[in-house]
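Q: The structure is given below, and queries will be raised subsequently.
Numbering (my numbering), first residue to last: 18 to 171.
As structure tokens, then:
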């Protein structure tokens, strides 16, 4: 069983060792303490960080920036110019139709596309640059019967 011996310091006699101060400070110690701490702090101040610049550092920086610029220039994709008409002149209509079919583009959806109508606008001069003869257009219309085209509700 743990029995605690509780006591109060003020009830102990003044000569008891627990009532005695266990240590003593020299005279004037606490009077001089703030000035000693302040002197200790000011002595331990670190020197300011100084960076010296030399021609080697300038050359290394210039080389690094040049390397980054070269890598950016090499990794950026080159701008692709539009394909000239001469290159497309050798592509037959059957190859174009086969490509569109392979890509899943329906000819009727392509013809109905609002983007085509917006790109042509109300100006019909764009049709002149398509290199299509009016006779070919009429022949194409005759090949496809208008009744065979499903009604799109437009």
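C-beta atoms are modelled at their ideal positions from N, C-alpha and C, and glycine is treated no differently. Computed from a predicted structure; not experimentally measured.
1. What span of residues does the alpha helix (DSSP H) with residue 151 cover, start to end?
2. Residue 90 by DSSP, collapsed to three states: which one?
3. May I ask you to report which of helix, strand or coil DSSP gives residue 80?
4. Roughly how many whole angstroms lie between the Cα atoms of residue 28 and residue 37?
5. Give the DSSP-derived three-state secondary structure of residue 171 in the structure shown.
6. Measuring straight from C-alpha to C-alpha, what distance separates residue 156 and residue 149?
7. Can you list, in chain order, the residues of its chain with a C-beta nearer than 7 Å to that of residue 94? Leave out the 5 residues immediately preceding and following it.
A: Quick answer:
1. 151–160
2. For residue 90, the three-state secondary structure derived from DSSP is helix.
3. helix
4. Take the alpha-carbon of residue 28 and the one of residue 37: they are about 13 Å apart.
5. In this prediction, residue 171 has a pLDDT of 46, which is less than 50 and means its spatial position is unreliable; nothing more can be read from the coordinates.
6. 12 Å
7. none
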